[in-house]
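Residue numbers (the numbering used here): 48 to 452. Backbone N, C-alpha and C fix where the C-beta goes; we use that ideal spot for every residue, glycine too. Computed from a prediction, not measured in an experiment: that's the story for all the values here.
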Amino acid sequence: MGIVVQKYGGSSVADTEKLMAVARRVVKTAQQGHQVVVVVSAQGKTTDLLIEKARQISKHPPKRELDMLLATGEQASIALLAMAIDSLGQPVISLTGPQGGILTDTQHTKARIRMVDGARIKEELDRGQVVIVAGFQGLTPTNDIATLGRGGSDTTAVAVAAALDAEVCEIYTDVDGVYSADPRLVPEARKLVEVDYGEMLELASLGAMVLQPRAVEVAAVYGVTIHVRSSFSQDEGTRVREVDLMEREITVTGVASDENCAKVTLVGIPNDVNTLCHIFTSLAEVGINVDMIVQAAASKRTTDLSFTVTREDLEETLNTIAEIRSDQEWEVFADDDVVKVSIVGAGMMTNPGVAARMFQALTEADIPVFVVSTSEIKVSCLVPRARHVDAVQALHRKFELHAGK
Ligand code: ADP
Ligand code: ASP
Ligand code: MG
48 MGIVVQKYGG SSVADTEKLM AVARRVVKTA QQGHQVVVVV SAQGKTTDLL IEKARQISKH
108 PPKRELDMLL ATGEQASIAL LAMAIDSLGQ PVISLTGPQG GILTDTQHTK ARIRMVDGAR
168 IKEELDRGQV VIVAGFQGLT PTNDIATLGR GGSDTTAVAV AAALDAEVCE IYTDVDGVYS
228 ADPRLVPEAR KLVEVDYGEM LELASLGAMV LQPRAVEVAA VYGVTIHVRS SFSQDEGTRV
288 REVDLMEREI TVTGVASDEN CAKVTLVGIP NDVNTLCHIF TSLAEVGINV DMIVQAAASK
348 RTTDLSFTVT REDLEETLNT IAEIRSDQEW EVFADDDVVK VSIVGAGMMT NPGVAARMFQ
408 ALTEADIPVF VVSTSEIKVS CLVPRARHVD AVQALHRKFE LHAGK
């Protein structure tokens, strides 16, 4: 039997009881004859608490030091899980990201895995041990610890599974699969049996927290099947893999939403490409990612521009704009009371009228739309934060996603 990689998220190891339940599941898998690698997140809300502690000291802590701090969350959980598994009589060893050969670039707090050197993990597996690897962290070329961005343990698990050519990568979480919408927002959301990598990547990038987008990207590149399932039940979950979408009748597969958005509007900027170029180049130079963009000419000479950034980037965006604007006569408005709601589905490529139905649903629910963006397989609308849940539910109903139509 081959290698199985199992990843347990923060809520799955939140307290001693849950940690012991995870330990029993791991031991059972090992007893079935598999070699088991476990990737584990920090317990419960540990990462949030560590970020909060850092913020109490400094609004902008050095990112290297923030990574030093955040990595401790996972280091605690690997040790505790190893103790739990050991207490059940199963040989086990815990490894930090660096010990486990997780090698990253130097982008602190949002590092990317460059490669996984699986030699140490294999060696420990061949000694008959369960190997526990800390998620979310790795070693930079300068021998520093870097973290992979929120939700990064998913990516650790998939990268380890790819490097070891594992049979399967199981992502255990607090829901029993990927649903047609966040089941916390839409109680009638439907569990999907399988989701194609492309659709899953869109859903994850557009705010469906259940998998980190980068994990889906790595899985697609290396052909790793991800099985998303519940830590608290034995039910089959959702398989994320390449799915034949040729004959697909379903136009929309799911609804996702992202609360981490802020809208910036510039009124009365000169209506020329140079100005636009200057604005977006300046933002790019300070590492700000601009998401949705809409421009509408107010007259021949001036135009209005709205775009969205993440809420963390809002302050720096406004500072950057203030520098460019200097003594020019534009007005600048910022609004972080907004949410991006999106519909995703590969079937949109061949079925017209999907965007029209989306606007119909939002209009019927009396929800204003500020900015729209589209790609081949998604349509996103920026709506007021106060209407977040209404918007997601209205779209879920309109496309009859509970029924899988
Ligand atoms: P973990 O701590 O296990 O990594 P996360 O909190 O990161 O778990 O992700 C699981 C959460 O993702 C669920 O509790 C659920 O509320 C949320 N979620 C958002 N969209 C979806 C979706 N389409 N399907 C399933 N879960 C979703
Ligand atoms: N502990 C990290 C976080 O909360 C990584 C993870 O859970 O995947 O984002
Ligand atoms: Mg997660």
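{"Check": "Just curious, the beta strand (DSSP E) that Y219 is in, first and last residue?", "Outcome": "215-220"}
{"Check": "Measure the C-alpha to C-alpha separation of T76 and V177 and round it to an integer number of angstroms.", "Outcome": "10 Å"}
{"Check": "What do you reckon, are the CB atoms on T153 and G185 nearer than 8 Å?", "Outcome": "no"}
{"Check": "Going by DSSP in three states, A193 sits in which element: helix, strand or coil?", "Outcome": "strand"}
{"Check": "Does the ligand MG have even one heavy atom less than 7 Å from the beta-carbon of M395?", "Outcome": "no"}
{"Check": "Looking at the secondary structure, which residues open and close the beta strand (DSSP E) in which T349 lies?", "Outcome": "349-356"}
{"Check": "Mind checking whether V391 and E246 have CB atoms under 8 Å apart?", "Outcome": "yes"}
{"Check": "Which runs of the alpha helix (DSSP H), 4 residues or longer, sit entirely within the stretch 64-97?", "Outcome": "none"}
{"Check": "In angstroms, rounded to a whole number, what distance separates the CA positions of A441 and E289?", "Outcome": "29 Å"}
{"Check": "Tell me the residue span of the alpha helix (DSSP H) that contains P260.", "Outcome": "260-269"}
{"Check": "Less than 8 Å separating the beta-carbons of S88 and G49?", "Outcome": "no"}
{"Check": "Kindly confirm or deny that the stretch 377-392 and the stretch 430-448 touch, where touching means at least three C-beta pairs closer than 8 Å.", "Outcome": "yes"}
{"Check": "For the ligand MG, is there any heavy atom lying closer than 7 Å to the beta carbon of G198?", "Outcome": "yes"}
{"Check": "Let me make sure I understand the geometry here. Which of V314, K92, R159 has the alpha-carbon closest to that of E378?", "Outcome": "V314"}
{"Check": "G198 and M256 look like a contact to me (Cβ under 8 Å); what is the Cβ gap, rounded to whole Å?", "Outcome": "7 Å"}
{"Check": "Buried or exposed for E376, please, with buried defined as at least 16 other CB atoms from any protein chain shown within 10 angstroms of its CB.", "Outcome": "exposed"}
{"Check": "With three or more beta-carbon pairs closer than 8 Å as the criterion, would you say the stretch 361-375 touches the stretch 272-292?", "Outcome": "no"}
{"Check": "Excluding the 5 residues flanking E241 on each side, which residues of the same chain have their C-beta closer than 8 Å to its C-beta?", "Outcome": "T285, R286, V287, R288, V290"}
{"Check": "Let me know the secondary structure DSSP gives K157 once reduced to three states.", "Outcome": "coil"}
{"Check": "By a C-beta neighbour count over all protein chains shown, 10 Å radius and 16 as the cutoff for buried, is K100 buried or exposed?", "Outcome": "exposed"}
{"Check": "So, with DSSP's three-state summary, where would you put K379?", "Outcome": "Checking the sequence, you will find Val at residue 379 rather than Lys. Strand."}
{"Check": "Can we say the stretch 225-238 touches the stretch 354-366, given the rule of at least three CB pairs closer than 8 Å?", "Outcome": "no"}
{"Check": "Taking C-beta to C-beta, are V439 and A402 nearer than 8 Å?", "Outcome": "no"}
{"Check": "Sort out for me which residues DSSP pairs G185 with in a bridge.", "Outcome": "A193"}
{"Check": "Which same chain residues end up closer than 7 Å to R237 when comparing Cβ atoms and leaving out the 5 residues on each side of it in sequence?", "Outcome": "Y226, S227, L448, H449, G451"}
{"Check": "Drop a sphere of 10 angstroms on the beta-carbon of L96, count the other beta-carbons inside from all chains shown, and report buried for 16 or more, exposed for fewer.", "Outcome": "exposed"}
{"Check": "Please go through the stretch 279-346 and give each complete beta strand (DSSP E) segment of 3 or more residues, from N-terminal end onward.", "Outcome": "285-288, 301-305, 309-317, 340-344"}
{"Check": "Nearest by alpha-carbon distance to I140: which of V311, E171, S124, A68 is it?", "Outcome": "E171"}
{"Check": "Taking contact to mean 3 or more Cβ pairs, one atom from each stretch, closer than 8 Å, check whether the stretch 312-327 and the stretch 348-363 are in contact.", "Outcome": "yes"}
{"Check": "Rank A166, N190, R161 by C-alpha distance to the C-alpha of A206 and give the top, closest one.", "Outcome": "R161"}
{"Check": "What first and last residue would you give for the alpha helix (DSSP H) that runs through T367?", "Outcome": "361-372"}
{"Check": "Could you spell out the range, first to last residue, of the beta strand (DSSP E) harbouring K54?", "Outcome": "50-55"}
{"Check": "Where does K106 fall in DSSP's three states?", "Outcome": "coil"}
{"Check": "Could you tell me if G224 is buried or exposed, where buried requires 16 or more neighbouring beta carbons within 10 angstroms of its beta carbon?", "Outcome": "buried"}
{"Check": "Within the same chain, show all residues whose beta-carbon is closer than 8 Å to that of G254, passing over the 5 residues directly before and after it, in chain order.", "Outcome": "A303, S304, D305, E306, N307, K387, S389"}
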